[in-house]
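Enquirer: So the sequence shown is numbered by UniProt numbering: it starts at 1 and just counts up by one.
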Amino acid sequence: MDDAGQQLTLKIDRVEKSRYDSVVWEVFSAYFMGDSQFRIPQGSYRLSHPDLGTETFFISPKSAVEYELVINRKR
Numbered sequence: 001m002d003d004a005g006q007q008l009t010l011k012i013d014r015v016e017k018s019r020y021d022s023v024v025w026e027v028f029s030a031y032f033m034g035d036s037q038f039r040i041p042q043g044s045y046r047l048s049h050p051d052l053g054t055e056t057f058f059i060s061p062k063s064a065v066e067y068e069l070v071i072n073r074k075r
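1. Quick check on DSSP: helix, strand or coil for R73?
2. L8 and G34 - do their beta-carbons sit closer together than 8 Å?
3. Going by the DSSP bridge assignment, what does G43 pair with across the sheet?
4. Could you pull the start and end residues of the beta strand (DSSP E) that V15 belongs to?
5. Taking DSSP as the reference, what is the three-state secondary structure of V27?
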């Protein structure tokens, strides 16, 4: 959901561990697939999941239908 309250459904395509993942830092990317008719620009969006709740994340487009979310957090 964006700041205007518009919603778009994205499907998790894959999750990949980063080469920067370490004992101290957990680093990975989640890739999402969307619809080419509804593109979203790079920015912060609220993502909701029935089991995980709602959080705000920074998402970048990788193509017309693929988006990437990078997580970098201290373990």
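No residue lacks a Cβ here, since even glycine has one placed at the ideal position from N, Cα and C.
Expert: According to the structure shown:
1. Start at 1 with the first residue of the sequence shown, and residue 73 comes out as number 73. Three-state DSSP puts R73 in a strand.
2. One-based indexing of the sequence shown puts residue 34 at position 34. One-based indexing of the sequence shown puts residue 8 at position 8. Between G34 and L8, the C-beta spacing is below 8 Å.
3. Residue 43 sits at position 43 when you count from the first residue of the sequence shown. I59.
4. Residue mapping note: residue 15 aligns to position 15 of the sequence shown, counting from 1. Looking at the DSSP string, the run of the beta strand (DSSP E) that includes V15 is 11–17.
5. Reading the sequence shown from its first residue, position 27 is the one you call residue 27. DSSP places V27 in strand when its eight states are reduced to three.
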